[in-house]
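Per this note's numbering, the sequence shown runs over residues 504 to 775.
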Amino acid sequence: MKHLKSLLLIIVVALPVVGFSVRPAARRALPSPVSRRSIRVMTYNIHVGVGMDKKLDLARIASVIKKQHPDLVGLQEVDRGVERTQRIDEIAELANLTKMDYAFAFNLKYQGGQYGVAILSKSPILATDHHLYLNTREAERRGFIRAEVHIGGQLVNFVTTHLDYQYEDGRVFEAQQLLAAMKDVKSPLIVVGDFNDVPAGEAFKLMRQSFDDAWSQTRASDDGFSYPADKAAKRIDYILTRQTDRIRVQRAWIVDTLASDHVPVVAELELP
504 MKHLKSLLLI IVVALPVVGF SVRPAARRAL PSPVSRRSIR VMTYNIHVGV
554 GMDKKLDLAR IASVIKKQHP DLVGLQEVDR GVERTQRIDE IAELANLTKM
604 DYAFAFNLKY QGGQYGVAIL SKSPILATDH HLYLNTREAE RRGFIRAEVH
654 IGGQLVNFVT THLDYQYEDG RVFEAQQLLA AMKDVKSPLI VVGDFNDVPA
704 GEAFKLMRQS FDDAWSQTRA SDDGFSYPAD KAAKRIDYIL TRQTDRIRVQ
754 RAWIVDTLAS DHVPVVAELE LP
């Protein structure tokens, strides 16, 4: 969640959606997609693998993920070849530990490596695209990655994002870009991530105009706080489903863990 204080302000050149493959160089043999309509998704800001004990432990992050048996995972704050995290390719390591396919997209270069968002999938990832938000007010560059996968006999679009930490108008601007980029997506669409915005925030309210919130649909009486992990006081991590897709939420829950400074949010969804 915290912005990278040591980074200089990045000057952003206005560009349309950047579409490119972010596939791993070497793919593992993966099982065929499971034919079913119910899927389990997770969003998890992993804080570059550093827990509340200040220790870097990707095996611990992987264990948290595996115990929930998700089909799709959206990850935020992922390092790749960065000095502060021993130049580990974190998403490749997590994919290996969880035996899942993956896609990574970096939002900025940092300490000789890359920092961004990523997706893990039990089913093979068929295609990806990445979009950098046009927001120059915050030093930390933001964006989203979208992956296409076949689940339950149909194509599903899964997006993870990480919005502006400092400014509400920045989050709104980024949410507007996310919605605009997704307006022509035809297949069922699920958006997850660290929105850095509470339910009463303007960016979240903008998203809720066309997306349902998995947590409030099934746990409206519970706070669903996801940050900070040791004394959770805010709900800023969300699983959202596009209203027109008629995706049903069966249940949602948070995972009690100190492996990161956020706790994961998980939801069981039923595709139409």
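By construction, the Cβ of each residue, glycine as well, lies at the ideal position given by its N, Cα and C atoms.
Can you tell me which of 695, 660, 645 and 761 puts its alpha carbon nearest to the alpha carbon of residue 673? 645
Delimiting residues of the alpha helix (DSSP H) encompassing residue 545: Element bounds for residue 545: not the alpha helix (DSSP H) but the beta strand (DSSP E), 541–548.
If contacts are defined as beta-carbon pairs under 8 Å, then residue 666 and residue 698 qualify, I think. What distance do you get, rounded to the angstrom? 5 Å
Mapping the DSSP letters down to three states, classify residue 643 as helix, strand or coil. coil
Validate contact between the stretch 732–740 and the stretch 610–630 using beta carbons, cut 8 Å, 3 pairs: no
So, does the stretch 566–581 touch the stretch 677–689, judging by three or more C-beta pairs under 8 Å? no
Verify whether the separation of the beta carbon atoms of residue 544 and residue 758 is less than 9 Å. no
Does DSSP put residue 711 in a helix, a strand or coil? helix
Taking just the CA atoms, how far does residue 640 sit from residue 772? 36 Å
Count the other CB atoms within 10 Å of the CB of residue 604; is the residue buried (16 or more) or exposed (fewer)? buried
Taking residue 591 as the reference, which of 647, 617, 626 and 579 has the closest Cα? 617
Check residue 624 in the structure and name its three-state DSSP category. strand
On a Cα-Cα basis, can you pick out the residue from 559, 602 and 555 that is closest to residue 624? 602
DSSP state of residue 698, grouped into three classes? coil
Tell me the DSSP secondary structure of residue 676 in three-state form. helix
Using DSSP's beta-bridge definition, name the partner residues of residue 756. 769
Classification of residue 552 by the beta-carbon crowding that lies within 10 angstroms, buried from 16 upward: buried
Are the beta-carbon atoms of residue 676 and residue 622 separated by less than 9 Å? no
What does a CB cutoff of less than 7 Å around residue 606 pick up in its chain, not counting 5 residues either side in sequence? 525, 526, 621, 622, 628, 631, 648 and 650
Sub-9 Å separation of residue 549 and residue 579 beta-carbons: yes
Simplified DSSP assignment, three categories, for residue 590: coil
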